[in-house]
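Chemist:
Residue numbers (my numbering): 210 to 1342.
1. In the DSSP assignment, what residue or residues form a beta bridge with residue 517?
2. For the stretch 976-987 against the stretch 1021-1035, are there 3 or more C-beta pairs whose distance is under 8 Å?
3. Tell me where the alpha helix (DSSP H) around residue 780 begins and ends.
4. Suppose the cutoff is 6 Å on Cβ atoms and the five residues either side in sequence are ignored; what does the same chain contact list for residue 1038 look like?
5. For a quick check, are the C-beta atoms of residue 325 and residue 531 less than 7 Å apart?
6. Grouping DSSP H, G and I as helix and E and B as strand, with all else coil, what is residue 691?
7. Under the rule that 16 or more other beta-carbon atoms within 10 Å means buried, what is residue 701, buried or exposed?
8. In chain order, what are the residue ranges of uninterrupted alpha helix (DSSP H) at least 4 long that sit wholly in the stretch 369-440?
9. For the putative contact between residue 981 and residue 1011, defined by C-beta atoms under 8 Å, what is the C-beta separation to the nearest angstrom?
10. Have a look at residue 1193 and residue 818 and give me their C-alpha separation to the nearest angstrom.
11. Less than 7 Å between the C-beta atoms of residue 1129 and residue 1069, yes or no?
12. So, residue 777 versus residue 671, is the Cβ gap smaller than 7 Å?
13. Just tell me which of 1062, 1087, 1089 has its CA closest to the CA of residue 1077.
14. Ordered along the chain, which non-local residues of its own chain (more than five positions away) have a Cβ less than 8 Å from that of residue 528?
15. Helix, strand or coil: how does DSSP classify residue 964 here?
16. Using three-state DSSP, classify residue 1039 as helix, strand or coil.
17. Spatial neighbours of residue 1093 within its chain, please: CB distance less than 6 Å, with the 5 preceding and 5 following residues excluded, ordered by chain position.
18. Looking at residue 744 and residue 727, is the spacing between their C-beta atoms short of 7 Å?
19. Can you check whether the CB of residue 773 is closer than 7 Å to the CB of residue 730?
20. Who are the Cβ neighbours of residue 769 in its own chain at under 7 Å, not counting the five residues just before and after it?
21. Taking all protein chains shown into account, decide if residue 417 is buried (16 or more other Cβ within 10 angstroms of its Cβ) or exposed.
22. Which residues in the same chain as residue 591 place their Cβ atom closer than 6 Å to its Cβ, once the five residues preceding and following it in sequence are excluded?
23. Using C-beta distances below 6 Å, list every residue in its chain close to residue 1018, excluding the 5 sequence neighbours before and after it, in chain order.
24. Which same chain residues end up closer than 6 Å to residue 234 when comparing Cβ atoms and leaving out the 5 residues on each side of it in sequence?
25. Check whether the Cβ of residue 791 sits closer than 6 Å to any heavy atom of the ligand PLP, and report yes or no.
26. From what residue to what residue does the beta strand (DSSP E) around residue 1156 run?
27. Would you report the Cα separation of residue 1009 and residue 1084, rounded to the nearest angstrom?
28. Could you spell out where the beta strand (DSSP E) holding residue 1169 opens and where it closes?
29. What residue range does the beta strand (DSSP E) around residue 988 cover?
30. For the putative contact between residue 895 and residue 908, defined by C-beta atoms under 8 Å, what is the C-beta separation to the nearest angstrom?
31. Rounded to whole angstroms, what is the Cα-Cα separation between residue 300 and residue 306?
32. With a threshold of 8 Å, are at least 3 pairs of Cβ atoms found where one atom belongs to the stretch 481-496 and the other to the stretch 441-448?
33. Check whether the Cβ atoms of residue 612 and residue 622 sit closer than 7 Å, and answer yes or no.
34. Give every residue of the same chain whose Cβ lies closer than 7 Å to the Cβ of residue 337, excluding the five residues on either side of it in the sequence, and list them in chain order.
35. Inspect the beta-carbon positions of residue 567 and residue 343 and report whether they are closer than 7 Å.
36. Does the contact criterion of 3 or more C-beta pairs under 8 Å hold for the stretch 505-512 versus the stretch 452-467?
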């Protein structure tokens, strides 16, 4: 042996001398040669069953063998090989691993990671420990090297690292199922990180450092958890930075590359934690959060870039691994002179397969229970896919390098580490890697389902039809003439073997046998894939934000997991993001400023509207595409109906928002249209440059200008502006009519509140402490005492005054009031209302009239529930009579009227039952509608009574409504512009232009004087008319808020803003709780009645208030179209 060394010594001196004379630039030659070999392998092996990575490893071993085992050498190529083979192992990992790990983790689907994360952790945590112990024990007891337990466990931990580089490359070639690929790939990523951590632990113990169990646990926790924390930190910072980059694909891609390397270096060198786990965490964070940050061409560029980086890194690392294996084996002078080491290598390979089998077998119950589960076929593939690669090889090189200068590890041990590790890498790639596809085929895991085969056959026929259509469009032209179709078809070889007639993939509509479970599952998957593709398209078009896109796509991923045993359910994952969570109610405490509360609520509402609109649009697109592709079939109809049913809740939500907060929808649509218009301009300018009409410099100038506008839109989009407090409260009829003359908003007389859905304003039976003025939104009522089953829509909308009757009467609240949407409302304390009540008798009458509006809806929903609030106020102002009666007086309700007892007690003539307020008083012989009320059982309720005469027991306040017009026409319920004229037997009241709806009664603004009852009634009626105006016209009526007296000069005016001078499109729709169009010749709203004349009524013949918007001076061209976009808001053109 000494002679051999003496013979080899001069040769090695010559080798070192030659190596020392090599040029560092020779390394570039090896880089180029490796890429050429990789290109050739990928090109030649395409379509074969030989894995690309296996071929690269064999080529690397061949190159290394030629260079190290022969005297021929490879010249400068050999010098480059030696330069790369002598690379520092840590540098090897630092160069290749960050890019490969980031690409692998970034390409994984986040939803599948979430589902499989427990399985990954089980395999990468306990699995690595079990494998390390099994291999270490086998090495300790069966190998003849007298290694200590620490050294045996070191090699066992080193060989427990299933290399992600090798596995990812293999799975992409074989096309394994997504579920299995996610488990294997995720396990290899985590396994690699934990195996390196275990290796570092035993490596330090081998070098002489001692650890107790507490120190071991602390070390493992710090290295692993610290790596995850650093990865998340770099992910958050880089994603925030990414948000400030606008349409610069080069910078975006460069940032992803840079952050992967910086994070790896920071973790590995700066904090001594696992760089592998850091980059893996970073990549998964990007997959979860930043995937939608790259749009359109940028996303494609990012995908192609990382695909190219992974391809180059895989090519270099596998060829280099082969070279290192050859160099390690051929340079072992005395370690491999006999065949024992090779035999032990084969034995070690068997041990590795057995240990992998033990790991999967022991953990199989957990693998089967968690995540997607795992069947026995997938378990076999999981066992067989335990490949080792460059990570394990680099770690063994680190041991060898340390053994050359360490007293704890001998040089022979280091050489054996490289030999065994290189041999295992070679055997797992050659044997396992090349036979995995065969095992997949043997287990029938690579076959298409019957549904997929039918789809493929059906698609081929569709492709043939498209080919014929294309030939008809381009098969003939003026210059060259016609083409030869048989020749064209001969070159379309993929469509030449079609036999028989085209068969629908899911059977004819009458074929019920095809409605099986697999067909439904397949068609649901295809529709959901179409929905997800539509989301990507809307993201590129600017219809949805990045955050919304993440939520929508996650909901589709979750629904895809359930299609086998449930109908479509992607809306289920979005409900929590549409409805307001419970913690939002905490924002409405007095601690949080109201402006901050409003901001968060509006932001949440915007997000919910984005989600609902995108959900409906995506499903509509997917339904159309599915129907166009497959046609009519029972299974298609079932899935499309499921899709339509999914959108009902989203559609209802948008309808509610359109009623309560139309400003939100308008702003969102404005953003979408602006983004779309700017993108259209970008495409237009670029197309002008393509066709040669613009030079490149001109195109860039215009392109930059439009991009500046687009950037401005994204940075400062139009915001939803909630109207100011003073504007909102001024629109409410009660405040604008009465409270504004007594209290100013800045005095704190009211409290603005934004209530979420499902919040209680007050409860039945509770003591009234104030009045709620509803500015926008919907409030529903519920009551245990009001037993009326005929209320179909028990709600109150904008303009309602809730709790007023209870405050005036002093009775407990008669029902629960609960918000049925997001509501903007104002609370007025009870003492403030009572102080206003005592200030003027006319105000007292008006407040009682206002309270009757809500009471009518509560007690008689059959008649009053569908009436709009402004129609009810018109009824109160023009068709009602309210009087006070003393004891022993009698009241007769006319046959066409309905009365309400607001306060006091009375009896029905001839009955002993005492009628307690509040109550409904019906005539004894009513019309058909009253007969219906009687037959429906309403009169049997505790709040409804019927009789010919009512006898007052104590002082009583009664209001009587004339509802004769309802019998002729349901005009008020249909929101017509005119109420039906009264019946012929009724007396017509004189019309007064002075007291029209567009003007205010003059006597209301005069200084207070001693008033007689007639004057009080007239002033109360003026207040009702004013409330009616505010209910109809809202903010158009200019109300002076800060004055307590109203001189004649400050009469409230209705102003029409001046429109643009140029002609524009006319508004064709007018909406406010229903469609209505207000034009120049607005009709007269007449409210007359034929009440039974009492002594008090005969003294006060009341004038009716009419609407007259005509102008004697204006011509036909002065016609105005008024659009009411939202409650109490008008715009004129």
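Backbone N, C-alpha and C fix where the C-beta goes; we use that ideal spot for every residue, glycine too.
Modeler: In this structure, then:
1. Within the chain shown, numbered from 1, the residue matching residue 517 stands at position 308. None, per the DSSP bridge assignment.
2. Segment contact: the stretch 976-987 against the stretch 1021-1035, three or more CB-CB distances shorter than 8 Å; contact assigned.
3. Taking the first residue of the chain shown as position 1, residue 780 is located at position 571. Note, residue 780: premise wrong, no alpha helix (DSSP H); not H, not E.
4. Numbered from 1 along the chain shown, position 829 holds the residue referred to as residue 1038. If we look at residue 1038 and ignore the five residues flanking it on each side, its Cβ neighbours are 979.
5. Residue numbering aside, residue 325 sits at position 116 when the chain shown is read from its first letter. Residue numbering aside, residue 531 sits at position 322 when the chain shown is read from its first letter. No; because the gap between Cβ atoms is not below 7 Å, this pair is not in contact.
6. Residue numbering aside, residue 691 sits at position 482 when the chain shown is read from its first letter. Three-state result, residue 691: strand.
7. Within the chain shown, numbered from 1, the residue matching residue 701 stands at position 492. The residue in question, residue 701, is exposed, as its Cβ has fewer than 16 Cβ neighbours within 10 Å.
8. 373-383, 387-415
9. As a working mapping, residue 981 is identified with position 772 in the chain shown. As a working mapping, residue 1011 is identified with position 802 in the chain shown. Indeed they touch by this definition, with Cβ atoms about 4 Å apart.
10. Taking the chain shown and counting its residues from 1, the one referred to as residue 1193 is at position 984. Taking the chain shown and counting its residues from 1, the one referred to as residue 818 is at position 609. With a pLDDT of only 36 at residue 1193, under the threshold of 50, the placement of this residue in the model should not be trusted; the figure read from the coordinates follows. Roughly 51 Å between the two C-alpha positions.
11. Against the chain shown, residue 1129 aligns to sequence position 920. Against the chain shown, residue 1069 aligns to sequence position 860. Judged by their CB atoms, residue 1129 and residue 1069 are nearer to each other than the 7 Å cut-off.
12. Counting from one through the chain shown, the residue named residue 777 turns up at place 568. Counting from one through the chain shown, the residue named residue 671 turns up at place 462. No, the Cβ-Cβ distance between residue 777 and residue 671 is not below 7 Å.
13. Position 868 of the chain shown, counted from the first residue, corresponds to residue 1077. The option with the nearest alpha carbon to residue 1077 is 1062.
14. Locating residue 528 in the chain shown gives position 319, where the first residue counts as 1. 243, 246, 247, 265, 266, 268, 269, 272.
15. As a first step, residue 964 is located in the chain shown; it is residue number 755 there, counting from the start. Strand, per DSSP.
16. As a first step, residue 1039 is located in the chain shown; it is residue number 830 there, counting from the start. Helix at residue 1039.
17. Within the chain shown, residue 1093 is the residue found at index 884, counting from 1. Closer than 6 Å at the Cβ level, and outside the excluded window around residue 1093, lie 1166.
18. Taking the first residue of the chain shown as position 1, residue 727 is located at position 518. Taking the first residue of the chain shown as position 1, residue 744 is located at position 535. Contact flag unset, no.
19. The residue labelled residue 730 in the question sits at position 521 within the chain shown. The residue labelled residue 773 in the question sits at position 564 within the chain shown. Result yes, Cβ atoms of residue 730 and residue 773 sit closer than 7 Å.
20. By one-based count along the chain shown, residue 769 stands at place 560. The answer, listed in chain order, is 734, 737.
21. Here residue 417 corresponds to residue number 208 of the chain shown, with the count starting at 1. By the 16-neighbour rule on beta-carbons within 10 angstroms, residue 417 is exposed.
22. Position 382 of the chain shown, counted from the start, is the residue given in the question as residue 591. Answer for residue 591: 569, listed in chain order.
23. The residue labelled residue 1018 in the question sits at position 809 within the chain shown. 1112, listed in sequence order.
24. If you number the chain shown from 1, residue 234 lands on position 25. Once the five neighbours on either side are set aside, residue 234 has no close Cβ partner at all.
25. Absence of the ligand PLP from the depicted structure is noted, as is the absence of any ligand whatsoever, leaving it without description.
26. Working through the chain shown from its first residue, we reach residue 1156 at position 947. Looking at the DSSP string, the run of the beta strand (DSSP E) that includes residue 1156 is 1153-1156.
27. By one-based count along the chain shown, residue 1009 stands at place 800. By one-based count along the chain shown, residue 1084 stands at place 875. Pairing residue 1009 with residue 1084, the inter-Cα distance amounts to about 15 Å.
28. The residue given as residue 1169 occupies position 960 in the chain shown. Note, residue 1169: beta strand (DSSP E), 1165-1171.
29. Here residue 988 corresponds to residue number 779 of the chain shown, with the count starting at 1. Residue 988 -> beta strand (DSSP E) spans 988-991.
30. On the chain shown, position 686 is the one that residue 895 refers to. On the chain shown, position 699 is the one that residue 908 refers to. Confirmed, about 7 Å.
31. Counted from its first residue, the chain shown places residue 300 at position 91. Counted from its first residue, the chain shown places residue 306 at position 97. Cα to Cα, residue 300 sits roughly 10 Å from residue 306.
32. yes
33. Taking the first residue of the chain shown as position 1, residue 612 is located at position 403. Taking the first residue of the chain shown as position 1, residue 622 is located at position 413. Yes, Cβ-Cβ distance for residue 612 and residue 622 is below 7 Å.
34. Start at 1 with the first residue of the chain shown, and residue 337 comes out as number 128. Closer than 7 Å at the Cβ level, and outside the excluded window around residue 337, lie 369, 400, 403, 404, 407.
35. Within the chain shown, residue 567 is the residue found at index 358, counting from 1. Within the chain shown, residue 343 is the residue found at index 134, counting from 1. Going by C-beta atoms, residue 567 is nearer than 7 Å to residue 343.
36. Contact between the stretch 505-512 and the stretch 452-467 is present, because at least three Cβ pairs lie under 8 Å.
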